[in-house]
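Order-wise, the sequence lines are chains A and B. If you're matching positions, the first sequence starts at 1 in full-length UniProt numbering and goes up one per residue. If you're matching positions, the second sequence starts at 1 in full-length UniProt numbering and goes up one per residue. Inspection log for the structure reproduced underneath, given as structure tokens.
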Amino acid sequence: MNFFQSITSALDIVLEKDPTSVIFGEDVAFGGVFRCTVGLKDKYGKERVFNSPLSEQGIVSFGIGIAAAGATAIAEIQFADYIFPAFDQIHNEAAYFRYRSGNQFDCGGLTIRAPSGAVGHGAIYHSQSPEAYFAHIPGIKVVVPRGPIQAKGLLLSCIRDKNPCIFFEPKILYRSAVEDVPFGDYMIPLSEAEVLSEGTDVTLVGWGTQVHVLRDVALMAQEKLNVSCELIDLRTILPWDVDTIAKSVVKTGKLLIAHEAPLTGGFAAEIASTIQSECFLNLEAPIQRVCGYDTPFPHVFEPFYMPDKWRCFEAVKKLVGY
Amino acid sequence: MLSVCFKSIRPVNRSWLNFSYQLVNNYATASEASFETNPCKLHKLDQGPSTNVTVSRDDALKYYREMQMIRRMETVAGNLYKSKIIRGFCHLYSGQEAICVGMEAAIKKEDAVITAYRAHGWSYIRGVSILGVLAELTGRVSGCALGKGGSMHMYNDNFFGGNGIVGAQVPLGAGIAFAKKYTNADEICITLYGDGAANQGQLFEAYNMAKLWNLPCIFVCENNGYAMGTSLDRSSASTTYYTRGDYIPGVQVDGMDVLAVRECTKFARDFVLKNGPILIEASTYRYSGHSMSDPGTSYRTREEVQEVRERRDPISKFKERIQTSNLATPEEIKKIDQEVRKLVDEAAEQAKTDPELPLEELYNKIYYQPPSNYKVRGCDPSILAPST
């Protein structure tokens, strides 16, 4: 099963088991531009899987209403780059509904799916990774899976979580990532990072596509520098798992965080700040952040902008050479 | 959807019989000709554009050439995309040529235009060269935004783009019209969007402000029948887009007829300078998918596309008109076709081989005059450059 098929599989399970669940968004009825909802309209009917007009603010706010009334709303924003017209609804309406109503109302049944991240040729409006904007909003959860097995389990958790969730799907993985995804129903807990390979010298933290880049970096570091890296997939950006990373840094004393979004104000900044506070005496080198540049996402210069394995490898060298 | 097409096909055919000049001749003897166009549908207007339009031979040949140029450019762009020389996104204008050509013919150079991402035709008609469009798509320095913007991001004097986010350009267009009015410029802004974007909330905010302050803004809904993969009757509660400005008068024009579009735009231009905003719905059709990743066949039949190509195509229809009315001979038309092909092919070749921008440009034009010690954060120190 590839990544987009694992998403379809998760949605299929939800539609089958939860009669209140509905899926809507731009072009989802005919399968969506990335084919994540293929066949679901035919199987469950056009009352449950339906196209919305091109209105991101409308899609999200409509979803808040559905969820507030007790149903399960799965909204698709066609590209994460287009989510901003809905920013107000996500921020001021969805995230704070529970708090401001003294827990009388909430929209926990809402999950917003959006393809994000670089794809090799997407240029300015089909490449962005906006997770850090949403990490600043108490009341929502933000999740980024790294592959098909994770995607299915984490998406099922998001949909069933009683808080509004944003699920960013790294679009380059839709077809390129293939794994033996279980057909059945399973969930992967939110707010738990996963240690993918243990190491002793440097902690590498990433999410989504960047996990695969860091896996290469760990191999290169082992081969070329004889440096042992511990690789962690953060998985949930908000609320995030401080413990797993802090424990690792206590062991290694060195931390590298990498993401595609621009450096300034990126989520790596939050991790670095927290870890220096939690692990101050354990740190043996300044925390390294390898991120996108502080430029708009470029067109022909994408290869330079990306925090690729060479840039990350340089940062590992800096850490161990400090 | 087909029924929508047919509705506008039938009267068009009837109008073909109403030429003032019906003789076919080997020599183009007519210096001008008049035609009857379909009457426009009107909303909150007592009188609409004239249905009797006159075109000179020179203008007719110009419009034909411009439409062919765009058609050929889009065919070549599609091919460049398929051969992976254009990467990313690419939204073709084929089928909609009569709108930009007809509108440009009715406005002044100083008038402003702002459109969405299906911008290639508009870029060309607003003065960007074929190379400027194609090289922007291939990301070369000869592109109209130096290759920095890529697909969708094309600009020229009084052409404010080329905007990628659905509907986001519409309030900007109202703002541009405000500036025109504020500076007593006697100029207008044409603000375009598609039938899909017509459902974005910000359009209605823009309508309200434009009418509240009576801005010289022509809102134009290029209705090609499909919002990406969703046909209009499945996305819009009201598909009479020319009425959706409610308190703003509206006109529905045959967007496949360059002369009708020109006449309608002339009417609208006069109107907005005197009375404030108007809304034009130009009924048209896109032959390709929404973008290159959409084959354009999963939500409509091949027969439907073929049907439009045969019966409503803006270029072949116009060609037939100008030939039967003796404004141009088949030889002249053929000569234009050959020239167009040659020019576009040459531009395409150059768009493939021109260089990309130097890497420093990655850091430039993020801010106006950044502080002299400003460096773009996050960059690899080995290629770190100051930003200008």
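All residues carry an ideal CB built from backbone N, CA and C; glycine is no exception.
{"Asked": "What in chain B is Cβ-close to threonine 295/A, meaning under 7 Å?", "Found": "Leu362, Tyr363, Ile366 and Val376"}
{"Asked": "If we count the other Cβ atoms within 10 Å of its Cβ and call it buried at 16 or more, is tyrosine 368/B buried or exposed?", "Found": "exposed"}
{"Asked": "Output yes or no for whether 9 Å exceeds the beta carbon distance between leucine 212/B and cysteine 189/B.", "Found": "no"}
{"Asked": "Quick check on arginine 311/A: buried or exposed, where buried means 16 or more other Cβ atoms within 10 Å of its Cβ?", "Found": "buried"}
{"Asked": "Along the stretch 288-315 of chain B, what residues have a CB closer than 8 Å to any CB found in chain A?", "Found": "Ser293, Asp294, Ser298 and Tyr299"}
{"Asked": "Pick out the complete alpha helix (DSSP H) segments inside the stretch 188-271 of chain A, 4 residues or longer, and give them in chain order.", "Found": "209-220 and 242-252"}
{"Asked": "To which residues does DSSP link serine 41/B through a beta bridge?", "Found": "According to the sequence provided, residue 41/B is lysine. The question's serine does not apply to it. According to DSSP, which records beta bridges pairwise, lysine 41/B is partnered with Gln252/B."}
{"Asked": "Excluding the 5 residues preceding and the 5 following lysine 162/A in the sequence, name in chain order all residues of the same chain whose CB lies nearer than 6 Å to its CB.", "Found": "Gly108"}
{"Asked": "Quick check on phenylalanine 62/A - is its C-beta less than 9 Å from some C-beta in chain B?", "Found": "no"}
{"Asked": "Tell me lysine 141/A's beta-bridge partners as DSSP assigns them.", "Found": "Cys165/A"}
{"Asked": "Within a Cβ cutoff of 6 Å, which residues of the same chain sit near methionine 67/B, ignoring the five residues on either side of it in sequence?", "Found": "Glu97, Val101 and Ile315"}
{"Asked": "Closer than 8 Å by beta-carbon distance: list the chain A residues that pair up with arginine 199/B, in chain order.", "Found": "According to the sequence shown, residue 199/B is asparagine rather than arginine. Per Cβ cutoff of 8 Å: Pro53, Leu54, Ser55 and Gly58."}
{"Asked": "Tell me the DSSP secondary structure of phenylalanine 89/B in three-state form.", "Found": "coil"}
{"Asked": "If contact means a Cβ-Cβ distance below 9 Å, which residues of the stretch 153-174 of chain B contact chain A?", "Found": "His153, Gly164, Ile165, Val166, Gly167 and Ala168"}
{"Asked": "To the nearest angstrom, how far is it from the Cα of methionine 306/A to the Cα of glutamate 360/B?", "Found": "16 Å"}
{"Asked": "Going along chain B, which residues have a C-beta under 7 Å from glycine 122/A?", "Found": "Gly88"}
{"Asked": "For asparagine 38/B, count the other beta carbons within 10 Å of its own beta carbon; 16 or more makes it buried, fewer makes it exposed. Which is it?", "Found": "buried"}
{"Asked": "In the stretch 210-228 of chain B, which residues sit with their C-beta less than 8 Å from some C-beta in chain A, listed in chain order?", "Found": "Ala227 and Met228"}
{"Asked": "Can you name the residues that DSSP bridges to tyrosine 193/B?", "Found": "Cys221/B"}
{"Asked": "Distance cutoff 9 Å, beta carbons only. Does aspartate 42/A sit that close to anything in chain B?", "Found": "no"}
{"Asked": "Compare the Cα-Cα distances from serine 55/A to each of Gly149/B, Gly194/B, Ala145/B and Lys82/B and report the closest residue.", "Found": "Gly194/B"}
{"Asked": "With distances taken from CA atoms, which of Tyr182/B, Ile70/B and Ser142/B is nearest glycine 121/B?", "Found": "Ile70/B"}
{"Asked": "With a threshold of 16 other CB atoms inside 10 Å of the CB of leucine 23/B, please say whether the residue is buried or exposed.", "Found": "For leucine 23/B, the predicted model reports a pLDDT of 47, less than 50, meaning its position is unreliable; a value from the coordinates is still stated below. By the 10 Å Cβ count, leucine 23/B comes out exposed."}
{"Asked": "Identify the contact partners of glycine 139/B in chain A, using a Cβ-Cβ distance below 7 Å as the criterion.", "Found": "His299 and Val300"}
{"Asked": "CA-CA distance, alanine 348/B and valine 128/B?", "Found": "14 Å"}
{"Asked": "What does threonine 264/A touch in chain B if you count any residue whose Cβ is under 9 Å from its own?", "Found": "Arg377 and Gly378"}
{"Asked": "Just the C-alpha distance for residue 409/B and threonine 252/A, rounded to the nearest angstrom, thanks.", "Found": "The structure shown does not extend to residue 409/B, since chain B is modelled only from 1 through 388, so no value can be given for it."}
{"Asked": "Can you round the beta-carbon distance between proline 330/B and glutamine 338/B to whole angstroms, since I take them to be within the 8 Å contact cut?", "Found": "Actually they are not in contact, since the Cβ atoms of proline 330/B and glutamine 338/B sit about 13 Å apart, beyond 8 Å."}
{"Asked": "When you check each C-beta in the stretch 321-345 of chain B against every C-beta of chain A, which residues fall closer than 8 Å?", "Found": "none"}
{"Asked": "Taking the beta carbon of asparagine 373/B as the centre, do at least 16 other beta carbons fall within 10 Å, making it buried, or is it exposed?", "Found": "exposed"}
{"Asked": "Comparing the C-beta of alanine 29/A with each C-beta of chain B, is any distance below 9 Å?", "Found": "yes"}
{"Asked": "Valine 213/A: which of Arg113/A, Ile232/A and Ala135/A sits nearest, CA to CA?", "Found": "Ile232/A"}
{"Asked": "Can you give me the C-alpha to C-alpha distance between alanine 77/B and valine 141/B, rounded to a whole angstrom?", "Found": "17 Å"}
{"Asked": "Which residue or residues does DSSP assign as beta-bridge partners of cysteine 291/A?", "Found": "His259/A"}
{"Asked": "With three or more beta-carbon pairs closer than 8 Å as the criterion, would you say the stretch 3-16 of chain A touches the stretch 146-158 of chain A?", "Found": "yes"}
{"Asked": "Give the DSSP-derived three-state secondary structure of leucine 319/A in the structure shown.", "Found": "helix"}
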